[in-house]
Amino acid sequence: AQKVTQAQTEISVVEKEDVTLDCVYETRDTTYYLFWYKQPPSGELVFLIRRNSFDEQNEISGRYSWNFQKSTSSFNFTITASQVVDSAVYFCALGSSNRDDKIIFGKGTRLHILP
Amino acid sequence: EAGVTQFPSHSVIEKGQTVTLRCDPISGHDNLYWYRRVMGKEIKFLLHFVKESKQDESGMPNNRFLAERTGGTYSTLKVQPAELEDSGVYFCASSQFPGTGELFFGEGSRLTVL
């Protein structure tokens, strides 16, 4: 069965601090995709990243970085020098290339960046 | 190129009323998905269309929910009669090549049932 666990329900940090959001996944598929989405207070889902299971390279995009560790089935997300605008709910998700694009979401981590 | 569009962005109705949500996928995308996030919980899959056919509707909560995609273009999701627990954000997504992970989400339709 596929499963995504985001153990951190809610995190609060002071602006400019770094923060890491954890994501652990379970799957029996050999090829799969991992995603991070952001849901700001306005409600829409903002796509952040999609990572193929074959590509374990870490990625950096501005203040955002992702650490994919297949050995521990983790796909953690770090925001460096956090800003108030980063406040949102962040979802980690898992999809399989063996099926359709039915993806499984974690329960989300609510991030509060305090000014 | 237009993205996935959803209408309405926000709907407020009373318990027992009917609401219809609409999703226009990206042109050429045969695959259309509905997801929803009820308050404070995870985003859950509702169903998947391939063109006008329901490929997987295992996530539909009950028979108060009816999804259609006549002609294989836009899709509607009707809730009748709406209950309080139906409140949440309903997301639509589309993809052209399933299994590639290239899934595009709309901005969601927020439903509030009073």
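Chains as they are written, first to last, in my numbering: chain A, 362 to 476; chain B, -7 to 106. Cβ atoms here follow ideal geometry from the backbone N, Cα and C, with glycine treated the same way. Remember, predicted model here, so these are calculated numbers, not experimental data.
Which value, in whole angstroms, describes the spacing of the CA atoms of residue 79(B) and residue 45(B)?
-> 26 Å
Is there contact between the stretch 420 to 439 of chain A and the stretch 0 to 12 of chain B, where contact requires at least three CB pairs shorter than 8 Å?
-> no
Quick one: give me the first and last residue of the beta strand (DSSP E) that residue 429(A) is part of.
-> 425 to 430
Under 9 Å between C-beta atoms of residue 94(B) and residue 411(A) | yes
If you check the beta carbons only, do residue 427(A) and residue 415(A) fall under 9 Å apart?
-> no
Pick from 90(B), 92(B), 96(B), 77(B) that is closest to residue 31(B), judged by C-alpha positions = 77(B)
Consider the Cβ of residue 46(B): report whether some Cβ of chain A lies at a distance smaller than 9 Å.
-> no
Residues near residue 406(A) by beta carbon distance below 6 Å, same chain, minus five either side = 398, 400
Looking at residue 73(B) and residue 20(B), is the spacing between their C-beta atoms short of 9 Å?
-> no
What residue range is occupied by the uninterrupted beta strand (DSSP E) comprising residue 12(B)?
-> 11 to 16
Close-in-space but distant-in-sequence residues of the same chain around residue 81(B) (CB under 8 Å, 5 per side omitted) = 28, 29, 100, 101, 102, 103
Starting from the N-terminal side, write out each stretch of the alpha helix (DSSP H) that is 4 residues or longer and does not extend beyond the stretch 17 to 93 of chain B.
-> none
Would you say the stretch 442 to 460 of chain A touches the stretch 53 to 72 of chain B, given that touching needs at least three Cβ pairs under 8 Å?
-> no
Within 10 angstroms of its Cβ, does residue 442(A) collect 16 or more other Cβ (buried), or is it exposed?
-> exposed
Assign residue 23(B) to buried or exposed, taking buried as 16 or more other Cβ atoms, counted over all protein chains shown, within 10 Å of its Cβ.
-> buried
At what residue ranges does the stretch 365 to 449 of chain A contain a whole run of the beta strand (DSSP E), taking only runs of 3 or more?
-> 371 to 375, 380 to 382, 385 to 387, 393 to 400, 407 to 413, 420 to 422, 425 to 430, 435 to 440
Could you say which of 409(A), 362(A), 408(A), 381(A) lies nearest to residue 391(A) if we only look at CA atoms?
-> 362(A)
Simplified DSSP state of residue -6(B), which is helix, strand or coil | coil
Candidates 396(A), 474(A), 445(A), 389(A): which alpha carbon is nearest residue 464(A)'s?
-> 396(A)
Of all the CB atoms in chain B, is at least one closer than 9 Å to the CB of residue 466(A)?
-> yes
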